[in-house]
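Asker:
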Amino acid sequence: IRIPSNCVFYYRCPEHGNRYVLSIVFAFDKEEDVYHFAFSYPYSYTRLQKYMESLESKQLPYFKREKIGETLVSIPLKNHF
929 IRIPSNCVFY
939 YRCPEHGNRY
949 VLSIVFAFDK
959 EEDVYHFAFS
969 YPYSYTRLQK
979 YMESLESKQL
989 PYFKREKIGE
999 TLVSIPLKNH
1009 F
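With the sequence shown counted from 1, adding 928 to any position gets you the working numbering.
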């Protein structure tokens, strides 16, 4: 489940040298539950494809990428493992 955007704040903080700070508001309502949080920097599809192409060009023995289909506008869909 995603945390709603109205509970996530990203701002410059004078107390931290005007650096950006990410704050999340979350209520732990059930003590017996286990909670996990994950965060990822924004990563564009184009940047991901360039990275995958660089791995593919190295012909690494533990990396394989193959076309599994294409979109309605003929963009290849690739799987990697």
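Glycine included, C-beta positions come from ideal geometry on N, C-alpha and C. Because the structure is a prediction, the values reported are computed rather than measured.
Hey, would you say Arg975 sits closer than 8 Å to Glu984, going by beta carbons?
Answerer: Against the sequence shown, residue 975 aligns to sequence position 47. Against the sequence shown, residue 984 aligns to sequence position 56. It is not a contact, given that the beta carbons lie outside the stated cut-off.
Asker: Candidates Phe967, Cys941, Phe937, Glu959: which alpha carbon is nearest Ile929's?
Answerer: Looking up residue 929 in the sequence shown gives position 1. Of Phe967, Cys941, Phe937, Glu959, the residue nearest in Cα terms is Phe967.
Asker: Look at the alpha carbon of Phe991 and the alpha carbon of Gly997, and state the distance between them as a whole number of angstroms.
Answerer: What you label residue 991 is simply residue 63 of the sequence shown in a count that begins at 1. What you label residue 997 is simply residue 69 of the sequence shown in a count that begins at 1. Taking the straight line joining both Cα atoms gives about 19 Å.
Asker: Using the C-alpha atoms, what's the distance from Pro989 back to Tyr939?
Answerer: Walking along the sequence shown from the start, residue 939 turns up at place 11. Walking along the sequence shown from the start, residue 989 turns up at place 61. Going by the C-alpha atoms only, they are around 43 Å apart.
Asker: Rounded to a whole number of angstroms, what is the C-alpha to C-alpha distance between Ala955 and Pro970?
Answerer: Sequence index remark: in the sequence shown, residue 955 carries index 27 (1-based). Sequence index remark: in the sequence shown, residue 970 carries index 42 (1-based). Straight through space, the alpha carbons of Pro970 and Ala955 are spaced by roughly 25 Å.
Asker: Span of the alpha helix (DSSP H) holding Ser982?
Answerer: Locating residue 982 in the sequence shown gives position 54, where the first residue counts as 1. Taken as a continuous stretch (DSSP letters only), the alpha helix (DSSP H) holding Ser982 covers 973-985.
Asker: Could you pull out every residue in the same chain whose Cβ sits closer than 8 Å to the Cβ of Cys935, ignoring the five residues on either side in sequence?
Answerer: Along the sequence shown, one-based indexing puts residue 935 at 7. The residues are Ile952, Val953, Phe954.
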